[in-house]
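K.L.:
Supplied in structure tokens, the structure appears directly below.
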Amino acid sequence: VQLVESGGGLVQPGGSLRLSCAASGSDSSVNSMGWYRQAPGKKRELVAVIISGGSTNLSDSVKGRFTISRDNAKNTLYLLMNSLKPEDTAVYYCNFRNVFRSETDYWGQGTQVTVSS
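In terms of the working numbering, the sequence shown is numbered consecutively and its last residue is 127.
What follows is the structure in structure tokens.
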């Protein structure tokens, strides 16, 4: 499985962006798809995740502002980010994995999101 993110860029505080993660190939063992981010000098952190049953979980820092969704027909994962803040600035990565099998763990190359006036 190859993952390619897109949709990052420079946006002013309060603005919105929608990230996309297009997957090529398939792995039926994947049961979790998520977005992570890593800011300079900080550890990579989970932003949002959607599991195979459709349930979602978002970090407290983005609840109420970000929405994770997927389009199974297009094999694409999305992250809609509203009310962006400067502290949301980071490289955003998508991840497809099997939470029970560490060997099933795919990452995209990342897309830069910069929130600045």
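All C-beta atoms, glycine included, are put in the ideal place defined by N, C-alpha and C.
Keep in mind the model is a prediction, meaning the values are calculated, not measured.
Distance check for A58 and S79, CA to CA, integer angstroms please.
P.N.:
S79 and A58: Cα-Cα distance of roughly 10 Å.
K.L.:
Between the C-alpha atoms of V72 and L20, what's the straight-line distance to the nearest angstrom?
P.N.:
18 Å
K.L.:
If contacts are defined as beta-carbon pairs under 8 Å, then F76 and M91 qualify, I think. What distance do you get, rounded to the angstrom?
P.N.:
5 Å
K.L.:
Is the segment 92-101 touching the segment 31-42 in the sense that three or more CB pairs, one from each, lie closer than 8 Å?
P.N.:
no
K.L.:
Anyone know if the C-beta pair for P50 and K95 falls short of 8 Å?
P.N.:
Between P50 and K95, the CB-CB gap reaches or exceeds 8 Å.
K.L.:
Looking only at C-alpha atoms, which of S42, F110, Q12, R111 sits nearest to A32?
P.N.:
Nearest C-alpha to A32: Q12.
K.L.:
What is the residue span of the beta strand (DSSP E) that L27 lies within?
P.N.:
Per DSSP, L27 belongs to the beta strand (DSSP E) from 27-34.
K.L.:
Just to confirm the assignment, what range does the beta strand (DSSP E) spanning F110 have?
P.N.:
Premise fails: F110 is in no beta strand (DSSP E) and is neither H nor E.
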